[in-house]
Amino acid sequence: MKSFGSKPWILPQPVLIIGTYDKDGNANAMNAAWGGQWDMHEIVISLGSHQTTDNLKDNSEFTVAFATTETLVAADYVGIVSGRKEPEKMKKTGWTVEKAPNVNAPVFKELPMTMECRVKEKIDESETGYYLVADIVNILCDEQYLAADGNPDVEKMNIITYDPVHHIYIQLGKVVGKAYSDGKRLK
Ligand SMILES: Cc1cc2nc3c(=O)[nH]c(=O)nc-3n(C[C@H](O)[C@H](O)[C@H](O)COP(=O)(O)O)c2cc1C
2 MKSFGSKPWI LPQPVLIIGT YDKDGNANAM NAAWGGQWDM HEIVISLGSH QTTDNLKDNS
62 EFTVAFATTE TLVAADYVGI VSGRKEPEKM KKTGWTVEKA PNVNAPVFKE LPMTMECRVK
122 EKIDESETGY YLVADIVNIL CDEQYLAADG NPDVEKMNII TYDPVHHIYI QLGKVVGKAY
182 SDGKRLK
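Those letters in the sequence shown? Residues 2 to 188, by this note's numbering.
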């Protein structure tokens, strides 16, 4: 086994698109990989200092959507250009913006699944950022991406993950097993 020391290499990492409104109601999006489930109804995201965090000072509601192969270029773009510097940022993505039904935050219609969220806690807040813990208020999924059982079908969405080793995006593949089930064969 080769050793690599300490690196931020949890695999796979999500490609979360955080949607916020500024105080004038202009939409913004940013890319975040350092996030995950925190509790049954909560998520956590490690945030630096961004237009997004400026927006969250004025309005504690936001959306989190999952980037796809089809939206990859714009998803990466919102991760390398700040709304602080580029007023045309959202226009350049080409994404269709709609207000979320349950929170004061934008939904980007090209992204198949979106969580509507509300800030619950900012842990270790400083000028350089914080760990954002937020309640999941609701989840929206475009109906064309639903499975036969009525739930979101990950295989249909072409969701991408971030590989922090090579700084690349990888599309999720096929179903290979059943959780809480296949392991029973070894009981
Ligand atoms: C693949 C990728 C992952 C990123 N993950 C994070 C993250 O987890 N937390 C963070 O604060 N910034 C992250 N960023 C950087 C922000 O997306 C970037 O600074 C962005 O321009 C902020 O936009 P804003 O200033 O308009 O809010 C990531 C960028 C990329 C490309």
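Backbone N, C-alpha and C fix where the C-beta goes; we use that ideal spot for every residue, glycine too.
Closest in C-alpha terms to Leu17, from the list Gly184, Tyr170 and Asn152, comes Tyr170. Rounded to the nearest whole angstrom, the C-alpha separation of Tyr146 and Lys157 is 6 Å. In this structure Leu12 does not touch Thr69 by the C-beta definition: roughly 19 Å separates them, more than the 8 Å allowed. Remark: the shortest separation between the CB of Trp96 and any heavy atom of ligand 1 does not fall under 7 Å. Taking the C-beta atoms as reference points, Thr64 is found nearer than 8 Å to Val108. Not one heavy atom of ligand 1 lies closer than 7 Å to the C-beta of Lys58. Residue range Met114 to Ser127 is occupied by the beta strand (DSSP E) that includes Met116.
For the 8 Å CB-CB criterion, Val79 and Met116 do not form a contact. Around the beta carbon of Trp10, fewer than 16 other beta carbons sit within 10 angstroms, so the residue counts as exposed.
Relative to the non-hydrogen atoms of ligand 1, the Cβ of Val74 never comes closer than 7 Å to any of them. By the 16-neighbour rule on beta-carbons within 10 angstroms, Gly184 is exposed. Secondary structure at Asp25: coil, using DSSP grouped into helix, strand and coil.
With a cut-off of 8 Å on Cβ pairs, the segment 166-180 is not in contact with the segment 34-44, counting fewer than three such pairs. Per the coordinates, the alpha-carbon of Ser83 lies some 11 Å from the alpha-carbon of Thr54. Per DSSP, Glu156 is one residue of the alpha helix (DSSP H) stretching across Val155 to Met158. Here the alpha carbons of Leu133 and Ile46 stand approximately 5 Å from one another. Closest by C-alpha distance to Ala28, out of Ser127, Val74 and Glu87, is Glu87. The residues Met114 and Ile160, in chain order, have a CB closer than 6 Å to that of Phe67 in the same chain once the five nearest residues on each side in sequence are set aside.
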